[in-house]
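Peer 1: Residue numbers (our numbering): 4 to 402.
Each residue gets a CB set at the ideal place from its N, CA and C atoms; glycine is no exception.
1. Tell me which residue opens and which closes the beta strand (DSSP E) that residue 281 is part of.
2. Residue 304 and residue 39 - do their beta-carbons sit closer together than 8 Å?
3. Count the other C-beta atoms from every protein chain shown that fall within 10 angstroms of the C-beta of residue 240, then say buried if there are 16 or more, exposed otherwise.
4. Please determine if the segment 140-157 and the segment 110-121 are in contact, where contact requires at least 3 C-beta pairs separated by less than 8 Å.
5. Could you work out which residue in 94, 191, 171, 60 is closest to residue 389 when comparing CA atoms only?
6. Under the rule that 16 or more other beta-carbon atoms within 10 Å means buried, what is residue 347, buried or exposed?
7. Do residue 227 and residue 126 have their beta-carbon atoms positioned less than 8 Å apart in this structure?
8. For residue 350, which three-state DSSP category applies?
9. Have a look at the DSSP bridge pairing and note the partners of residue 306.
10. Residue 324 by DSSP, collapsed to three states: which one?
11. So, is residue 56 buried or exposed, given that buried needs 16 or more other C-beta atoms within 10 angstroms?
12. Can you tell me whether DSSP reads residue 210 as helix, strand or coil?
13. Going by beta-carbon coordinates alone, are residue 267 and residue 225 separated by less than 8 Å?
14. State the DSSP-derived secondary structure class of residue 400, mapped to helix, strand or coil.
15. Could you check the C-alpha separation between residue 201 and residue 257 for me, to the nearest Å?
16. Quick check: the Cα distance between residue 191 and residue 135, rounded to an integer number of angstroms?
17. Going by DSSP, what residues sit across from residue 380 in a beta bridge?
18. Below 7 Å CB to CB, which residues in the same chain sit around residue 76 once its five sequence neighbours on both sides are set aside?
19. Note down the Cα distance separating residue 405 from residue 333, rounded to an integer number of angstroms.
20. Suppose the cutoff is 6 Å on Cβ atoms and the five residues either side in sequence are ignored; what does the same chain contact list for residue 249 look like?
21. Alpha carbons only, please: which of 271, 156, 370, 101 is nearest the one belonging to residue 238?
22. Taking all protein chains shown into account, do 16 or more other C-beta atoms lie within 10 angstroms of the C-beta of residue 93, making it buried, or fewer, making it exposed?
23. Applying the 10 Å Cβ sphere with the 16-neighbour rule, what's the burial state of residue 178?
24. Assuming the contact rule is C-beta atoms closer than 8 Å, residue 74 and residue 184 should be a hit. Round their C-beta distance to whole Å, please.
25. Beta-carbon within less than 8 Å of residue 186's beta-carbon, same chain only, minus the 5 sequence neighbours each way: which residues are those?
26. Which residue wins for smallest C-alpha separation from residue 152, given the options 327, 44, 194, 64?
27. For residue 79, write down the residues that DSSP places opposite it in a beta bridge.
28. Touch check for the segment 94-102 and the segment 312-327: three-plus C-beta pairs under 8 Å?
29. Should residue 133 and residue 119 be called a contact, given that it needs their Cβ atoms to be closer than 8 Å?
30. Along the chain, where does the alpha helix (DSSP H) containing residue 365 start, and where does it finish?
31. Can you list, in chain order, the stretches of the alpha helix (DSSP H) that have 4 or more residues and sit fully within the segment 179-255?
32. What separation, rounded to the nearest whole angstrom, lies between the Cα atoms of residue 336 and residue 318?
33. List the residues that DSSP assigns as beta-bridge partners of residue 126.
34. Quick one: grab the DSSP three-state call for residue 102.
35. Quick one: using the 10 Å Cβ neighbour count with 16 as the cut-off for buried, is residue 52 buried or exposed?
36. Rank 312, 398, 103 by C-alpha distance to the C-alpha of residue 343 and give the top, closest one.
What follows is the structure in structure tokens.
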């Protein structure tokens with residue numbers, strides 16, 4: 004008899020479970036994906052009224068979880084922990100303040116990085132820019148005491164290639180081979196040996212270098228054949244300070260180095276889409292006791308800020324140029340720098356927003372200083388790339 008009651012009890016429990024699961028899927032709206040394509044709507048998503056910092060951090064960390072799997076990083080971009088966020092900001096701001104105090108030194112580091120990265124033979128353009136930017140980032144920002152000539156070209160090459168390769172693999176469902184991250188960490192530790200300052204160097208290298216090199220590459224792609232633009236960046240190399248960075252040329256009729264960088268960030272934002280997750284509890288939790296309700300995962304709505312579309316919209320159209328054209332002079336005719344959303348918006352806006360544009364400009368100038376069409380020149384490919392897509396682009400030494 005007890006077996007019969009046990010069977011009836013099991014069936015009853017299963018029936019109740021099926022009933023509640025059915026209710027959950029029937030009365031709770033499905034997860035939604037919402038895309039924002041205007042500057043105002045994107046600002047509303049990234050800087051909403053009301054949410055706590057805990058909510059904002061969780062909303063950002065959740066869609067970046069794949070980077071934990073790929074790189075085993077633990078910085079503010081992947082962690083919802085406010086303490087992790089606060090510590091990351093303290094460290095980042097300290098590094099950025101120190102670098103901003105001495106742009107002359109940063110400029111010298113960039114020039115050295117170019118000299119060390121120039122080949123005796125033809126080299127792919129993106130490989131060259133990645134190497135220059137990593138050397139400059141390590142010595143100019145992360146570890147100013149290191150001798151830049153001590154950075155092994157082999158280590159630099161392997162690190163830059165592996166970060167790019169693993170990033171691309173992280174977007175695919177297949178498992179990432181473990182040996183790739185092991186190799187990356189080994190060679191990166193050779194470049195940044197200070198374990199006390201950087202327990203995991205990738206926590207800082209990825210958010211700084213991974214976007215910076217693509218800003219440098221895109222800007223070079225647009226300006227390397229423009230004599231007026233080259234002059235703006237070379238003047239910055241001669242006088243590496245913030246006044247020179249912002250100064251228009253030819254009696255305020257030609258763009259400044261800042262204008263060229265702003266236009267590059269507008270047209271080719273290194274982060275084309277910013278994703279936020281919003282969590283909505285299942286309606287079923289209202290009918291369950293707390294110990295059961297806590298075990299039902301929330302519904303996740305996906306909200307995507309389409310930065311690229313917003314910055315190529317009719318909002319940027321003028322009588323002189325369409326929004327798809329690279330035209331740095333648009334910032335002289337009608338300044339809209341505040342509407343460039345490449346660094347995000349709101350409380351989680353990139354901490355390097357005041358440093359990165361000038362840092363990119365200094366590196367661009369350092370490259371143009373050496374790749375001057377006299378000793379080296381840039382061979383143009385079919386299109387401007389991003390992480391990839393630089394087929395046909397080369398840096399070639401003249402015979």
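Peer 2: With the structure as the only source:
1. Residues 276-283.
2. No, Cβ-Cβ distance for residue 39 and residue 304 is not below 8 Å.
3. With 16 or more other Cβ atoms within 10 Å, it is buried.
4. The way I'd put it, the segment 140-157 does touch the segment 110-121; three or more beta-carbon pairs between them come closer than 8 Å.
5. Of 94, 191, 171, 60, the residue nearest in Cα terms is 171.
6. Residue 347 is buried by the Cβ-count criterion.
7. Using a Cβ distance threshold of 8 Å, residue 126 and residue 227 do not count as a contacting pair.
8. In the three-state reduction of the DSSP assignment, residue 350 falls in the helix class, which pools H, G and I.
9. Bridge pairing for residue 306: 37, 279 [DSSP].
10. Coil.
11. Around the CB of residue 56, fewer than 16 other CB atoms lie within 10 Å, so the residue is classed as exposed.
12. Helix, per DSSP.
13. Yes, Cβ-Cβ distance for residue 267 and residue 225 is below 8 Å.
14. Per DSSP, reduced to three states, the secondary structure at residue 400 is strand.
15. Between the C-alpha atoms of residue 201 and residue 257 there is a straight-line separation of about 42 Å.
16. Near 15 Å, if we compare the C-alpha coordinates of residue 135 and residue 191.
17. Beta-bridge pairing links residue 380 to 399.
18. Once the five neighbours on either side are set aside, the close Cβ partners of residue 76 are 70, 203, 205, 206, 209.
19. Any property of residue 405 remains undetermined from this structure, which presents the chain solely from 4 to 402.
20. Cβ within range, chain order: 259, 261.
21. Selected option, being the one with the closest Cα: 370.
22. Answer is exposed; the Cβ neighbour count stays below 16.
23. A residue is called buried when at least 16 other Cβ atoms come within 10 angstroms of its Cβ; residue 178 does not meet this threshold and is exposed.
24. Confirmed, Cβ separation roughly 7 Å.
25. Listed in chain order, the non-local C-beta contacts of residue 186 below 8 Å within the same chain comprise 161, 165, local neighbours out to five positions each way being set aside.
26. Ranked by Cα distance from residue 152, the options 327, 44, 194, 64 are led by 194.
27. Looking at the DSSP assignment, residue 79 forms no beta bridge with any residue, so it has no partner.
28. Contact between the segment 94-102 and the segment 312-327 is absent: fewer than three C-beta pairs spanning the two stretches fall below 8 Å.
29. With a cutoff of 8 Å on beta-carbon distance, residue 133 and residue 119 are scored as not near each other.
30. Where residue 365 is concerned, the enclosing alpha helix (DSSP H) stretches over 359-373.
31. Fully enclosed alpha helix (DSSP H) runs of 4 or longer: 181-194, 205-226, 230-241, 245-249.
32. Their backbone Cα atoms lie some 14 Å apart in a straight line.
33. The bridge partners DSSP lists for residue 126 are 398.
34. Residue 102 falls in the helix class under three-state DSSP.
35. It is exposed - the Cβ of residue 52 has fewer than 16 other Cβ atoms within 10 Å.
36. Closest option to residue 343, Cα to Cα, is 312.
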